[in-house]
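>
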Amino acid sequence: MDKVLKVNKLSKIYGSGCPSCFELTGPKYNTNICPRCGSVVAAHDVSFSLYKGEILGIVGESGSGKSTAVKSLNFDQEPSSGSASFFYEGQQYDLFMMNAAQQRRLSNHRFGMVYQNPHLGLNFDISAGGNIAERLLMSDVDNYAEIRSRATGLLSRTEVLPERMDELPKNFSGGMQQRVQIAKALATNPPLLFLDEVTTGLDLSVQAAILDLILEIQQEKQTAMIVVTHDLGVIRLLAGRTLVMKYGRVIESGLTDQILEDPQHAYTQRLVASAL
Amino acid sequence: MSSAYPFGFLDEYAKKEIRRTTLKAVALPGYQVPYSSREMPMGRGFGTGGLQLTLALLGKGETLKVIDQGSDDSVNAVNLRSFIEMTCEGINTTTKTHEANVIQSRHRIPEKPLRDDQLIVLQVPYPDPLVVVEPSEDKRKTLHGEADYSRLLVKLYEDIVKFNEITISHRYPTRINDHYVIDPSPIPRWDVPKINQSNALILFGAGREKKIYAVPPYTNAEPLAFEDVPFRVEDFTDEKQQRRACKRCGCTNSFLDEFIDSNKGEKIYQCSDTDWCDEHGGSSVAEGTTPGMEEVEQCKEQLPRTPEVRDEFLQSISVAGKTSHG
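Protein chains in written order, with my numbering: chain A, 1 to 276; chain B, 277 to 602.
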């Protein structure tokens, strides 16, 4: 199988940090705040690999570091330590060794990100089509007719009426905004997609439709995805493999079925018991 | 006229700083170099950036032309010119484009092609083209550094969606030397192609925003556009598909200003660049036909001349006012 992403010992500390930060935090101590220096250990020692066409789920409660891990990979924030490699067309990119311009170029061309809040992923002052155009223009498509036709195609793919592509996203419902966001993330046909709590806050039928869409895209384009959520239902439906995080640490990882049917860690057991 | 000011009004340190900033601006085409814009005896926003550049670069024996929207005798041009004459002893001024060594201009580049021994200084109100899409200067600097102008192109995209054309009439974002995009000051689109591979050095001074930037001679300047929706300049064809001509000189290849003849209510077109117009025989044809002049003459005739007549006149106005209100 083709490897798309390899993450090795990714850590992120908010605050000054001290040598005992990692020793005195984590699930064992039931905290991610270092008692010695007061820094927050948002993520520590996160390692995983992702393969082509695979969906990896990261599950955990709020503040467990799942979003931090994904945001670091999408260059939204800088990690404190660790490394990550992205593989594309036989080339290896060391994500955190590149300079800002190279990072921006890579994320514009090869990554897609869908946020929980459409306000983060979309510009609400420009039309839905304009939002997709922005993404295409970032990746050096500068033909107006081509941008128009690709935006129309993407919006109809994500089941937003193309007649509404010149409307502002603020006129759309939450589910539609999320679809526009997905269309925008897919604009460059990225081999890697990050989905951060994409269905949180939507009603159940809309959730189901969005999840269907994500699965279809995965089947169609063999896109590798990392799905961050606190909803085990989403994980069960989408992810083949899952990481369970707590207080910044990965406490359990494996096949999704295995984790849901036979949870090993006490926290995962509680999580599964409360969800089912 | 002699004055108590040093040559060029600014002290030598200020001039030195502006010259060094200018050198840096020339070395980095299109990059906005910050400088400590000095207080000038005029409000910021009235061309202080351009004025400081001119004062720092002008030397004895050189010839200066000052224009405001193409005209040598509109208020901004006249005042700047007389200020520079007062503080730079031994310089000459001219209205002829080809005689000038230094041209300071507000919102126009002369029609006559400039030579490589000439230099044009443009007054800039807003130096950063990204200000419309990104309010934070810190982030704008990153965008400039990475040459990420996709958001400006999105603005063009939205324009085409809404209006079927790009609606930017002036301050057209232009990419210099394949990297930095500049705000070329509020020149009309007509003047943007003149920046490309210009013979003359083009300097931009923004006094209020404290920035200087430059387009060196023979540098590429490419207005932002789409592959299939190219940049175009103003179109001066009339209903009969003919190129409008200047009413004064008959020129059909210059940038035209539109006036309304207040007597006949007709639209009149005239060269915006007065020196160009005069050179094309504008002045000989023009006697008495300058737009608005007839009206001014008429007003003069109507003005009451003696105090008695004036009182009577004022009274008639106030009576008229009362009756109309009553």
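Even for Gly, the Cβ is constructed at its ideal location relative to N, Cα and C.
Which stretch, first to last residue, makes up the beta strand (DSSP E) that contains residue 45(A)?
Position 45 of the first sequence holds residue 45(A). Where residue 45(A) is concerned, the enclosing beta strand (DSSP E) stretches over 40-51.
> Within this structure, are the beta carbons of residue 160(A) and residue 183(A) separated by less than 8 Å?
Stepping through the first sequence from its first residue, residue 160(A) is reached at position 160. Stepping through the first sequence from its first residue, residue 183(A) is reached at position 183. Taking C-beta atoms as the reference points, residue 160(A) and residue 183(A) count as a pair closer than 8 Å.
> Does any residue of chain A have a CB that is nearer than 8 Å to the CB of residue 280(B)?
Taking the second sequence and counting its residues from 1, one reaches residue 280(B) at position 4. False, the Cβ-Cβ gap to chain A never drops below 8 Å.
> Per the DSSP calculation, residue 92(A) is bridged to which residue(s)?
Reading the first sequence from its first residue, position 92 is the one you call residue 92(A). Note: residue 92(A) sits in a beta bridge opposite 87(A).
> Who are the near neighbours of residue 495(B) in its chain, counting only those whose CB is closer than 6 Å to its CB and skipping five residues on each side?
Within the second sequence, residue 495(B) is the residue found at index 219, counting from 1. If the five residues before and after residue 495(B) are omitted, its C-beta is found closer than 6 Å to the C-beta atoms of 305, 453, all from its own chain and listed in chain order.
> Tell me the rounded alpha-carbon separation between residue 544(B) and residue 112(A).
Residue numbering aside, residue 544(B) sits at position 268 when the second sequence is read from its first letter. Residue numbering aside, residue 112(A) sits at position 112 when the first sequence is read from its first letter. Their backbone Cα atoms lie some 55 Å apart in a straight line.
> Between which two residues does the alpha helix (DSSP H) containing residue 138(A) stretch?
For the purposes of this step, residue 138(A) is taken as residue 138 along the first sequence, with counting starting at 1. Note, residue 138(A): alpha helix (DSSP H), 128-138.
> Taking buried to mean at least 16 other C-beta atoms within 10 Å of its own C-beta, is residue 241(A) buried or exposed?
Start at 1 with the first residue of the first sequence, and residue 241(A) comes out as number 241. Buried, by the Cβ-count rule.
> Can residue 10(A) and residue 49(A) be called in contact, C-beta distance under 8 Å?
Residue numbering aside, residue 10(A) sits at position 10 when the first sequence is read from its first letter. Residue numbering aside, residue 49(A) sits at position 49 when the first sequence is read from its first letter. Their beta carbons are not under 8 Å apart, which means residue 10(A) does not touch residue 49(A) by this criterion.
> If we count the other Cβ atoms within 10 Å of its Cβ and call it buried at 16 or more, is residue 524(B) buried or exposed?
Counting from 1 along the second sequence, the entry for residue 524(B) is found at position 248. Classification of residue 524(B): buried, given that the 10 Å Cβ count is 16 or more.
> Counting pairs of beta carbons, one from the stretch 423-430 of chain B and one from the stretch 398-409 of chain B, are three or more of them closer than 8 Å?
yes
> In this structure, how does DSSP classify residue 326(B) when only helix, strand and coil are distinguished?
As a position in the second sequence, residue 326(B) is number 50, starting the count at 1. Correct three-state label for residue 326(B): helix.
> Determine the extent of the alpha helix (DSSP H) in which residue 177(A) is found, giving its start and end residues.
Here residue 177(A) corresponds to residue number 177 of the first sequence, with the count starting at 1. From DSSP, the alpha helix (DSSP H) with residue 177(A) extends over 174-186.
> Would residue 351(B) be called buried (16 or more neighbouring beta carbons within 10 Å of its own) or exposed?
If you number the second sequence from 1, residue 351(B) lands on position 75. Classification for residue 351(B): exposed.
> Taking 8 Å as the CB-CB limit, is residue 220(A) close to chain B?
As a first step, residue 220(A) must be located in the first sequence, where it is residue number 220. Answer no: the Cβ-Cβ gap between residue 220(A) and chain B never drops below 8 Å.
> Quick one: using the 10 Å Cβ neighbour count with 16 as the cut-off for buried, is residue 255(A) buried or exposed?
Position 255 of the first sequence, counted from the start, is the residue given in the question as residue 255(A). Classification for residue 255(A): exposed.
> Could you tell me if residue 346(B) is buried or exposed, where buried requires 16 or more neighbouring beta carbons within 10 angstroms of its beta carbon?
Within the second sequence, residue 346(B) is the residue found at index 70, counting from 1. Residue 346(B) should be labelled buried.
> Hey, does residue 74(A) have any beta-carbon neighbour from chain B nearer than 8 Å?
Sequence index remark: in the first sequence, residue 74(A) carries index 74 (1-based). Taking Cβ atoms only, chain B never reaches closer than 8 Å to residue 74(A), which makes this a no.
> Return the residue from the list 190(A), 169(A), 192(A), 191(A) that minimises the CA-CA distance to residue 181(A).
Looking up residue 181(A) in the first sequence gives position 181. Nearest option by C-alpha distance: 169(A).
> If you draw a straight line from the C-alpha of residue 296(B) to the C-alpha of residue 280(B), how long is it?
Translated into positions along the second sequence, residue 296(B) becomes position 20. Translated into positions along the second sequence, residue 280(B) becomes position 4. Residue 296(B) and residue 280(B): Cα-Cα distance of roughly 26 Å.
> According to a CB-to-CB cut-off of less than 7 Å, which residues of the stretch 430-454 of chain B neighbour chain A?
For the stretch 430-454 of chain B, which is checked against every Cβ of chain A, the residues closer than 7 Å are 430, 433, 434, 436, 437.
> Bridge partners of residue 515(B), per DSSP?
For the purposes of this step, residue 515(B) is taken as residue 239 along the second sequence, with counting starting at 1. Partner(s): none; residue 515(B) has no beta bridge.
> When you compare the CB of residue 457(B) with every CB in chain A, is at least one pair closer than 8 Å?
Taking the first residue of the second sequence as 1, we reach residue 457(B) at position 181. No, because no Cβ of chain A sits closer than 8 Å to the Cβ of residue 457(B).
> What does a CB cutoff of less than 7 Å around residue 394(B) pick up in its chain, not counting 5 residues either side in sequence?
Translated into the one-based positions of the second sequence, residue 394(B) becomes position 118. Closer than 7 Å at Cβ, skipping near neighbours: 376, 377, 379, 476.
> Determine the contact status of residue 187(A) and residue 135(A), defining contact as a CB-CB distance below 8 Å.
Counting from 1 along the first sequence, the entry for residue 187(A) is found at position 187. Counting from 1 along the first sequence, the entry for residue 135(A) is found at position 135. Against a cut-off of 8 Å, the Cβ pair of residue 135(A) and residue 187(A) comes out as a contact.
> Would you mind listing the beta strand (DSSP E) stretches within the stretch 461-494 of chain B that are 3+ residues and don't spill past its ends, in chain order?
477-482, 487-491
> Please report the Cβ distance between residue 354(B) and residue 436(B), rounded to the nearest whole angstrom; I am assuming they are in contact, meaning their Cβ atoms lie under 8 Å.
Start at 1 with the first residue of the second sequence, and residue 354(B) comes out as number 78. Start at 1 with the first residue of the second sequence, and residue 436(B) comes out as number 160. Contact flag wrong, Cβ pair sits at about 41 Å.
> Return the residues of the stretch 114-146 of chain A that lie within a Cβ-Cβ distance of less than 7 Å from chain B, sorted by chain order.
126, 127, 129, 130, 133, 134, 137, 138, 142, 143, 144, 145
> What is the DSSP secondary structure of residue 293(B), reduced to helix, strand or coil?
The sequence position of residue 293(B) within the second sequence is 17, counting from 1. It is helical.
> What residue range is occupied by the uninterrupted alpha helix (DSSP H) comprising residue 225(A)?
Mapped onto the first sequence, residue 225(A) falls at position 225. Run containing residue 225(A): none in the alpha helix (DSSP H); it sits in the beta strand (DSSP E), 224-229.
> Residue 318(B): beta carbon under 7 Å from a heavy atom of the ligand FMN?
The ligand content of the structure shown is nil, which means the ligand FMN is not present either.
> Applying a beta-carbon distance threshold of less than 8 Å, which residues of chain A neighbour residue 266(B)?
Nothing in the structure corresponds to residue 266(B), since chain B is present only between 277 and 602.
> Over the uninterrupted beta strand (DSSP E) stretch that includes residue 375(B), give me the two end residues.
Stepping through the second sequence from its first residue, residue 375(B) is reached at position 99. From DSSP, residue 375(B) is part of no beta strand (DSSP E); its letter is neither H nor E.
> Tell whether a beta-carbon distance below 8 Å holds between residue 244(A) and residue 195(A).
For the purposes of this step, residue 244(A) is identified with residue 244 of the first sequence, where counting begins at 1. For the purposes of this step, residue 195(A) is identified with residue 195 of the first sequence, where counting begins at 1. For residue 244(A) and residue 195(A), no; Cβs fall outside 8 Å.
> Can you tell me where the beta strand (DSSP E) holding residue 436(B) begins and where it ends?
Within the second sequence, the letter at position 160 stands for residue 436(B). Premise fails: residue 436(B) lies in the alpha helix (DSSP H), 426-439, not in any beta strand (DSSP E).
> Taking 8 Å as the threshold (C-beta atoms), are residue 27(A) and residue 246(A) in contact?
Counted from its first residue, the first sequence places residue 246(A) at position 246. Counted from its first residue, the first sequence places residue 27(A) at position 27. Result yes, Cβ atoms of residue 246(A) and residue 27(A) sit closer than 8 Å.
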